[in-house]
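Number of protein chains: 2
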Amino acid sequence: MYGLIGSFKANAGQGQQLADLLLRAAAALRANADCHLYVVSRAQDDPDLIWVTEAWTDSAAHQASLEDPEVRAQVAEGRALIAGMGQRFELDTLGGNGLPLS
Amino acid sequence: MYGLIGSFKANAGQGQQLADLLLRAAAALRANADCHLYVVSRAQDDPDLIWVTEAWTDSAAHQASLEDPEVRAQVAEGRALIAGMGQRFELDTLGGNGLPLS
């Protein structure tokens, strides 16, 4: 599987709004059989730093999802809340507990 | 939920061995109802850099798991494969797609 771990720094005080938007995106992705994981977290030491951990069948499936009109609208909405991109790690996700495929 | 994202740098050439050990740990954690996520990934640009994304009911449940004799044995086995600790992020995991609780 293609894995992504990334963080987004929201504008000051807008971390919860950004997290809510990403949780709505996660809910919409349940209909996408290629999205095996899309988990939203907040840094314990910074309420405006939001982390997303994703696992997809492959990077093509992830890329294709970004072309979806609903996803594009959410990305545009998210951009208005984001002060800057944090760290980003591209991974081969191997398995584990909690993944539907494993 | 209490979330953890962390990476471990294996000794040169031992990344797969470390990943296999962590996947066995993940399988054992399926019996732990407080462990909602334990996903093992490998950095695309470094086969010896292994990432683990975890979500637990709370930090006390995570801490308690580390006292389990089987887990302690796995940690000891893992230490022999690890050259150094990578980054580590403590999180409040809010939900998402793929989490049993969400």
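Protein sequence lines correspond, in order, to chains V and Z. Numbering-wise (my numbering), the first sequence opens with residue 1 and increments by one. Numbering-wise (my numbering), the second sequence opens with residue 1001 and increments by one. All C-beta atoms, glycine included, are put in the ideal place defined by N, C-alpha and C.
Run through DSSP, which three-state label would residue 78/V get? helix
How far does the alpha helix (DSSP H) with residue 23/V in it extend, from its first residue to its last? 15 to 29
Alpha carbon to alpha carbon, how far is residue 82/V from residue 1039/Z? Give it in angstroms, no decimals. 27 Å
What are the residues in the segment 33 to 46 of chain V lying within 9 Å of chain Z by C-beta distance? 35, 36, 37, 38, 39, 40, 41, 42, 43, 44, 45
Buried or exposed: where does residue 1084/Z fall if 16 or more other Cβ atoms within 10 Å of its Cβ makes it buried? By the 10 Å Cβ count, residue 1084/Z comes out exposed.
Counting only Cβ pairs nearer than 8 Å, list the residues of chain V close to residue 1117/Z. In the structure as shown, chain Z begins at 1001 and stops at 1102. Residue 1117/Z is therefore absent and cannot be evaluated.
State the start and end residues of the unbroken alpha helix (DSSP H) segment that holds residue 64/V. In the DSSP annotation of this structure, the continuous segment of the alpha helix (DSSP H) that includes residue 64/V starts and ends at 59 to 65.
By how many angstroms is the C-alpha of residue 1093/Z removed from the C-alpha of residue 1034/Z? 13 Å
Contact residues within the segment 1086 to 1102 of chain Z, judged by C-beta distance below 9 Å to chain V: 1087, 1089, 1090, 1091, 1092, 1093, 1094, 1095, 1096, 1097, 1098, 1099, 1100, 1102
Alpha-carbon to alpha-carbon, residue 1091/Z and residue 67/V: 30 Å
Residue 41/V to residue 51/V, Cα distance in whole Å? Taking the Cα positions, residue 41/V is about 5 Å away from residue 51/V.
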